[in-house]
Amino acid sequence: MDRPGFTASLVAGGVAGVSVDLILFPLDTIKTRLQSPQGFYKAGGFYGVYAGVPSTAIGSFPNAAAFFVTYEYVKWILHTDSSSYLMPVTHMLAASVGEVVACLIRVPSEVVKQRAQVSVSSGTFHIFSNILCQEGIQGLYRGYKSTVLREIPFSLVQFPLWESLKALWSWRQDRVVDSWQAAVCGAFAGGFAAAVTTPLDVAKTRIMLAKAGSSTASGNILSALHAVWRTQGLSGLFAGVFPRMAAISLGGFIFLGVYDQTRSFLLELGRESP
Numbered sequence: 042m043d044r045p046g047f048t049a050s051l052v053a054g055g056v057a058g059v060s061v062d063l064i065l066f067p068l069d070t071i072k073t074r075l076q077s078p079q080g081f082y083k084a085g086g087f088y089g090v091y092a093g094v095p096s097t098a099i100g101s102f103p104n105a106a107a108f109f110v111t112y113e114y115v116k117w118i119l120h121t122d123s124s125s126y127l128m129p130v131t132h133m134l135a136a137s138v139g140e141v142v143a144c145l146i147r148v149p150s151e152v153v154k155q156r157a158q159v160s161v162s163s164g165t166f167h168i169f170s171n172i173l174c175q176e177g178i179q180g181l182y183r184g185y186k187s188t189v190l191r192e193i194p195f196s197l198v199q200f201p202l203w204e205s206l207k208a209l210w211s212w213r214q215d216r217v218v219d220s221w222q223a224a225v226c227g228a229f230a231g232g233f234a235a236a237v238t239t240p241l242d243v244a245k246t247r248i249m250l251a252k253a254g255s256s257t258a259s260g261n262i263l264s265a266l267h268a269v270w271r272t273q274g275l276s277g278l279f280a281g282v283f284p285r286m287a288a289i290s291l292g293g294f295i296f297l298g299v300y301d302q303t304r305s306f307l308l309e310l311g312r313e314s315p
């Protein structure tokens, strides 16, 4: 990838990540509490919906930047012609590799954030230090596997759908889509992907919130799904689906729209620079 493209992807991804995570944080908190094993109101209800926001503020930029740099780089390495039927496969592979890399940053931030969201009386730094003292570094990476197993199917749906919708819209109007159109495509793709991957998100949340040493804390995603199914049935597997869809649809609009706009702006600056 040329240097302007590489830098543009990094900065645009980071700006998009911070924008969407901070704007939609309250919806994410409500979703986490709906999925919490202790129940919505015991986990805090509608009180303190910005609990855990420092963790998100710190992790958002590098997490999103890592994803988009990897995503664009893998697309460049594979270099599939836009008319090829293999193009969706290229987007799937690029998104999957991007998620594996981004989750190295995302998971520690997510673990601290989710514990803060269901324990509003504890500060973010206090929770972070407790995890390190009681569980070590591996405690910060609890749920890494379940997060990757949630994010890869999500991205396998979202990004090929996003790219396909943009391509279709471009074809219909005979020009490249505007940033707001890319954002609309992102909202639809994100909402659809969010709905179908909610059970994986529930399992990830249960694993991250489980007591250290418990069977759920071991990170077995099938075991976590079975436990939810056994106690709460289908409604438990889709707990928080509507706030998740709302957050990710709006998030897709902001995230992919801001990314497209910022990247286009930076690339234009790069072309104008001597």
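Following the working numbering, the numbering of the sequence shown begins with 42 at its first residue and continues without gaps. All C-beta atoms, glycine included, are put in the ideal place defined by N, C-alpha and C.
Assumed close pair residue 239, residue 177 - CB separation to whole angstroms, cut-off 8 Å:
Locating residue 239 in the sequence shown gives position 198, counting from the first residue. Locating residue 177 in the sequence shown gives position 136, counting from the first residue. Rounded, the Cβ-Cβ distance is 31 Å, inconsistent with contact.
Does the Cβ-Cβ distance between residue 148 and residue 182 come in under 7 Å?
Taking the first residue of the sequence shown as position 1, residue 148 is located at position 107. Taking the first residue of the sequence shown as position 1, residue 182 is located at position 141. Contact: yes.
Which residues bound the alpha helix (DSSP H) around residue 220?
If you number the sequence shown from 1, residue 220 lands on position 179. Unbroken alpha helix (DSSP H) run through residue 220: 220-237.
Closest by CA to residue 173, which one among 223, 227, 102, 150?
On the sequence shown, residue 173 is found 132 positions in, with the first residue counted as 1. Of 223, 227, 102, 150, the residue nearest in Cα terms is 150.
Looking at the unbroken alpha helix (DSSP H) that takes in residue 271, where does it start and where does it end?
Walking along the sequence shown from the start, residue 271 turns up at place 230. Residues 262-278.
Which residues in the same chain have their Cβ closer than 6 Å to the Cβ of residue 60, if we skip the five residues on either side of it in sequence?
By one-based count along the sequence shown, residue 60 stands at place 19. Result list for residue 60: 295, 299, in chain order.
Ignore the nearest five residues each way along the sequence and tell me which others in residue 222's own chain have a CB closer than 7 Å to its CB.
Along the sequence shown, one-based indexing puts residue 222 at 181. Same-chain partners within the cutoff: 210.
If distances are taken between C-alpha atoms only, which option among 235, 256, 306 comes closest to residue 285?
Position 244 of the sequence shown, counted from the start, is the residue given in the question as residue 285. Per the Cα distances, 235.
Taking the beta carbon of residue 212 as the centre, do at least 16 other beta carbons fall within 10 Å, making it buried, or is it exposed?
As a working mapping, residue 212 is identified with position 171 in the sequence shown. It counts as exposed.
Unbroken alpha helix (DSSP H) run spanning residue 257, endpoints:
By one-based count along the sequence shown, residue 257 stands at place 216. It is not in any alpha helix (DSSP H) - residue 257 carries neither H nor E in the DSSP assignment.
Buried or exposed, going by whether 16 or more other CB atoms sit within 10 Å of the CB of residue 87?
Working through the sequence shown from its first residue, we reach residue 87 at position 46. The residue is exposed, with fewer than 16 neighbouring Cβ atoms inside 10 Å.
Counted within 10 angstroms of its Cβ, other Cβ atoms place residue 252 as buried (16 or more) or exposed:
Within the sequence shown, the letter at position 211 stands for residue 252. Residue 252 comes out exposed.
Relative to the C-alpha of residue 53, which residue among 306, 312, 311 is closest?
On the sequence shown, residue 53 is found 12 positions in, with the first residue counted as 1. Measuring from the Cα of residue 53, the nearest candidate turns out to be 306.
Determine whether the beta carbon atoms of residue 102 and residue 55 lie at a separation below 7 Å.
Residue 102 sits at position 61 when you count from the first residue of the sequence shown. Residue 55 sits at position 14 when you count from the first residue of the sequence shown. Closer than 7 Å, so yes.
Please go through the same chain and pick out, in chain order, the residues whose beta-carbon is closer than 6 Å to the beta-carbon of residue 75, but skip the five residues on each side of it.
Taking the first residue of the sequence shown as 1, we reach residue 75 at position 34. Excluding positions up to five away in sequence, the list reads 81, 280, 281.
Indicate the three-state DSSP secondary structure (helix, strand or coil) for residue 198 in the structure shown.
Within the sequence shown, residue 198 is the residue found at index 157, counting from 1. DSSP places residue 198 in helix when its eight states are reduced to three.
Distance, residue 276 Cα to residue 73 Cα:
Locating residue 73 in the sequence shown gives position 32, where the first residue counts as 1. Locating residue 276 in the sequence shown gives position 235, where the first residue counts as 1. Straight-line Cα distance between these residues: approximately 15 Å.
May I ask you to report which of helix, strand or coil DSSP gives residue 296?
Taking the first residue of the sequence shown as position 1, residue 296 is located at position 255. Residue 296 falls in the helix class under three-state DSSP.
Can you tell me the Cβ-Cβ gap for residue 51 and residue 110, rounded? I've got them flagged as a contact below 8 Å.
As a first step, residue 51 must be located in the sequence shown, where it is residue number 10. As a first step, residue 110 must be located in the sequence shown, where it is residue number 69. Contact holds; Cβ gap of about 5 Å.
According to the Cβ coordinates, are residue 113 and residue 193 closer than 7 Å?
Counting from one through the sequence shown, the residue named residue 113 turns up at place 72. Counting from one through the sequence shown, the residue named residue 193 turns up at place 152. In this structure, residue 193 does not lie closer than 7 Å to residue 113 by Cβ.
Please state if the CB of residue 157 and the CB of residue 146 are separated by a distance shorter than 7 Å.
Numbered from its first residue, the sequence shown carries residue 146 at position 105. Numbered from its first residue, the sequence shown carries residue 157 at position 116. Result no, Cβ atoms of residue 146 and residue 157 do not sit closer than 7 Å.
Pick from 232, 137, 250: whose alpha carbon is nearest that of residue 77?
If you number the sequence shown from 1, residue 77 lands on position 36. Taking only the C-alpha atoms, the option nearest residue 77 is 250.
Only counting the same chain, and skipping five residues up and downstream in sequence, which positions put a Cβ closer than 8 Å to that of residue 134?
For the purposes of this step, residue 134 is identified with residue 93 of the sequence shown, where counting begins at 1. Here the set comprises 115, 119.
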